[in-house]
Amino acid sequence: MNRLIDNKGFYGEFGGSWVPEMLYPNIEQLASSYDAILESPSFKDRFDSLLRDYAGRPTPLFLAESLSGVLGAKIYLKREDLCHTGSHKLNNVIGQALLAMEMNKREVIAETGAGQHGVATATVCALLDLPCRVFMGEKDVQRQQPNVLRMKMLGAEVVPVSSGSRTLKDATNEAIRYWINHPEVYYLIGSTIGPHPYPDLVARLQSVISAEMKIQLMEKEGRPGPDIIVACVGGGSNAAGTFYHYIADEKVKLVGAEAAGEGAGSGKTAATIATGTAGIIHGCRTLMMQDGEGQILEAHSVSAGLDYPGIGPLHSYLHRTGRARYLAVTDKEAVEAAHLLTRLEGIIPALESAHAIAALHKLQFRESDIILVNLSGRGDKDMDTYIESMQNRNQ
8 MNRLIDNKGF YGEFGGSWVP EMLYPNIEQL ASSYDAILES PSFKDRFDSL LRDYAGRPTP
68 LFLAESLSGV LGAKIYLKRE DLCHTGSHKL NNVIGQALLA MEMNKREVIA ETGAGQHGVA
128 TATVCALLDL PCRVFMGEKD VQRQQPNVLR MKMLGAEVVP VSSGSRTLKD ATNEAIRYWI
188 NHPEVYYLIG STIGPHPYPD LVARLQSVIS AEMKIQLMEK EGRPGPDIIV ACVGGGSNAA
248 GTFYHYIADE KVKLVGAEAA GEGAGSGKTA ATIATGTAGI IHGCRTLMMQ DGEGQILEAH
308 SVSAGLDYPG IGPLHSYLHR TGRARYLAVT DKEAVEAAHL LTRLEGIIPA LESAHAIAAL
368 HKLQFRESDI ILVNLSGRGD KDMDTYIESM QNRNQ
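Those letters in the sequence shown? Residues 8 to 402, per our numbering, in order.
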């Protein structure tokens with residue numbers, strides 16, 4: 008596909024690089040070298056080999072027959088939950104860890120919300136013998152204990168962050184603060200957010216998802232594209248990878264499901280597209296939730312991975328140009344969708360992915376339509392929330 012960014016990292020009015028002066032050398036080094044490294048035969052060979060033999064790619068494309076019968080269209084699930092470590096996050100982490108080594112960086116830091124990016128980072132750092140430090144909000148540490156324990160077992164240092172709302176935004180703030188004081192480390196960002204080139208870098212590494220989809224749909228349906236693609240969005244990495252090879256194909260409708268929390272107008276939400284305005288967050292210009300003074304508002308979502316007050320600049324651009332549509336899904340709708348998928352297909356999705364399933368109820372389609380939903384992660388980490396919802400049902 009045609010690259011959407013210009014040479015300064017802008018998707019239209021969104022993107023760019025807005026960083027403290029002390030980080031300019033790091034960003035410049037990364038921006039000037041990543042493209043050549045990603046295109047080099049040696050990198051491609053190593054990346055493809057690890058995706059195949061370590062991550063377990065290609066992930067299956069599964070026809071969800073029972074769900075299709077209930078909703079009245081042919082629904083396929085892209086099973087990123089079957090990637091090693093349980094989510095799509097490993098694709099990006101493998102690529103960036105190899106990139107860090109090519110750049111002679113010998114220590115990695117990362118931020119995490121739901122813990123999936125942290126686990127993926129800790130996993131690959133263990134594989135490649137790279138010291139690893141993961142910043143995580145205290146609130147997320149409490150609600151994602153299984154992933155915290157996995158990171159520690161893998162040898163990563165988990166740094167709880169007690170500032171602000173104690174979620175992903177604050178973990179990112181702390182990781183950037185640490186990076187300013189330790190410019191020798193590689194900051195492995197987990198989503199399509201941050202200063203250029205991270206949004207483009209992460210989208211390209213995750214584009215393996217849509218590249219596989221085109222091949223798999225051709226095998227199953229005799230055509231490369233579905234009618235509609237649905238993926239959840241927080242920062243937007245799984246959606247960027249799922250949309251990537253279809254952005255130029257206007258016949259395919261692109262739908263993002265963002266976390267409305269208790270409702271987009273409730274004040275307890277993470278629905279950035281629905282409620283946000285343009286501003287600077289974590290090194291890029293994009294849509295974000297802010298007050299009239301430009302202060303970042305606290306986000307709320309039952310899903311730790313979507314509990315973020317901004318969205319990647321690629322998605323702001325796709326929204327602003329009308330190429331993609333973004334729907335707000337409440338906590339309650341997401342949890343109900345998770346139970347529905349579990350009962351119908353025997354698949355317990357991550358709360359993040361449950362938002363994409365819930366968005367299907369907000370779409371209109373024909374019986375002959377082919378819908379593809381990216382199931383970005385598995386729900387083991389969210390069992391406490393699901394158990395609580397079952398107990399509430401029984402009261």
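By construction, the Cβ of each residue, glycine as well, lies at the ideal position given by its N, Cα and C atoms.
What residues in its chain sit with their C-beta under 6 Å from that of residue i, if we drop five residues either side in the sequence?
| i | result |
| --- | --- |
| Phe21 | Arg292, Thr293, Pro320, Ser323, Tyr324 |
| Val380 | Leu84, Val237, Ala363 |
| Ile43 | At residue 43 the sequence reads Ala, which differs from the Ile that was named. So the list is empty, once near-sequence residues are dropped. |
| Thr92 | Val126, Ala127, Thr130 |
| Tyr194 | Ile116, Trp186 |
| Met29 | Ile187 |
From the options, pick the residue whose C-alpha is nearest to that of residue i; which is it?
| i | options | result |
| --- | --- | --- |
| Arg184 | Ile116, Glu145, Asp234 | Ile116 |
| Asp177 | Ser383, Gly144, Ala306 | Gly144 |
| Asn98 | Leu68, Leu58, Ile82, Ala107 | Leu58 |
| Pro108 | Glu219, Tyr41, Met160 | According to the sequence as given, residue 108 is Met; it is not Pro. Nearest option by C-alpha distance: Tyr41. |
| Glu164 | Ser172, Glu114, Asp207, Pro204 | Glu114 |
| Lys112 | Cys90, Asp136, Gln123, Gly122 | Asp136 |
| Arg330 | Phe250, Ile303, Asp389, Gln371 | Phe250 |
| Ile235 | Ala80, Leu351, Pro65 | Ala80 |
| Cys239 | Gln371, Ala341, Met110 | Ala341 |
| Glu352 | Ala129, Gly19, Leu70, Asn33 | Leu70 |
| Leu74 | Glu395, Ala365, Ser396, Gln402 | Ala365 |
| Pro202 | Arg10, Lys15, Glu87, Arg400 | Lys15 |
| Gly122 | Val141, Ala133, Leu347 | Val141 |
| Leu78 | Arg373, Gln402, Gly171, Ile394 | Arg373 |
| Ser214 | Leu45, Asp338, Gly76 | Leu45 |
| His124 | Gln302, Gly242, Ala285 | Gly242 |
| Glu395 | Glu87, Val309, Arg350 | Val309 |
| Asn399 | Leu370, Gln371, Glu343 | Glu343 |
Around the Cβ of residue i, are there at least 16 other Cβ atoms within 10 angstroms (buried) or fewer (exposed)?
| i | result |
| --- | --- |
| Gln103 | buried |
| Val155 | buried |
| Gln297 | buried |
| Ile222 | exposed |
| His95 | buried |
| Asn180 | buried |
| Ser217 | buried |
| Tyr450 | The shown model of the chain, from 8 to 402, leaves out residue 450, and the question about it has no answer. |
| Glu72 | exposed |
| Pro27 | exposed |
| Gly197 | buried |
| Ala38 | buried |
| Ser169 | exposed |
| Ser47 | exposed |
Given a cut-off of 7 Å on the beta-carbon distance, is the pair residue i and residue j in contact?
| i | j | result |
| --- | --- | --- |
| Ala357 | Arg385 | yes |
| Ala246 | Leu334 | no |
| Ile187 | His289 | no |
| His307 | Thr276 | yes |
| Val209 | Met158 | no |
| Ser383 | Ser360 | yes |
| Val166 | Val131 | no |
| Lys388 | Pro153 | yes |
| Val259 | Gly232 | yes |
| Glu228 | Pro65 | no |
| Leu175 | Asp60 | no |
| Arg327 | Val262 | no |
| Gly147 | Gly171 | This sequence places Asp at residue 147; Gly is not what is there. Against a cut-off of 7 Å, the Cβ pair of Gly171 and Asp147 comes out as no contact. |
| Cys90 | Ala133 | no |
| Ser24 | Ile34 | yes |
| Leu348 | Ile354 | yes |
| Glu118 | Ala182 | yes |
| Ala267 | Thr337 | yes |
| Ala271 | Ala281 | yes |
Among the residues of its own chain, which have a CB less than 7 Å from the CB of residue i, if the five just before and after it don't count?
| i | result |
| --- | --- |
| Leu105 | Phe50, Arg53, Phe54 |
| Leu304 | Met296, Gln297, Asp298, Pro316 |
| Pro206 | Gly22, Thr199, Ile200, Cys291, Gly319, Pro320, Leu321 |
| Arg86 | Thr66, Pro67, Phe69, Leu382 |
Ignore the nearest five residues each way along the sequence and tell me which others in residue i's own chain have a CB closer than 8 Å to its CB.
| i | result |
| --- | --- |
| Arg150 | Ala311, Asp391, Thr392 |
| Gly283 | Leu294, Met295, Met296, Gln297, Pro316, Gly317, Ile318 |
| Leu224 | Leu68, Tyr83, Arg230, Pro231, Gly232, Pro233, Ile377, Leu379 |
| Gly19 | Tyr324, Arg327, Thr328 |
Mind checking if residue i is an interface residue toward chain C, Cβ cutoff 7 Å exclusive?
| i | result |
| --- | --- |
| Glu164 | Within the model displayed, chain C is absent; a lone protein chain is all it includes. |
CB of residue i to nearest heavy atom of the ligand ADP: below 6 Å?
| i | result |
| --- | --- |
| Leu11 | Among the components of this structure there are no ligands whatsoever, and the ligand ADP is therefore not found. |
Subject >> Start-end ranges of the beta strand (DSSP E) lying completely within the segment 307-346, minimum 3 residues >> reply: 331-337
Subject >> Runs of alpha helix (DSSP H) lying entirely within the segment 26-63, each at least 4 residues, in chain order >> reply: 31-46, 48-57
**OP:** With a floor of 4 residues, list each alpha helix (DSSP H) that falls wholly inside the segment 169-245, ordered by position along the chain.
**Re:** 175-188, 205-213, 215-228
Original post:
Going along the chain, which unbroken runs of the alpha helix (DSSP H) with 4 or more residues stay wholly within the segment 344-382?
Top reply: 358-366
Original post:
In the segment 262-310, which residue ranges form an unbroken beta strand (DSSP E) of at least 3 residues, counting only runs that do not cross its ends?
Top reply: 284-288, 291-295
**OP:** Give, in chain order, every unbroken run of the beta strand (DSSP E) that is at least 3 residues long and sits entirely within the segment 82-127.
**Re:** 115-119
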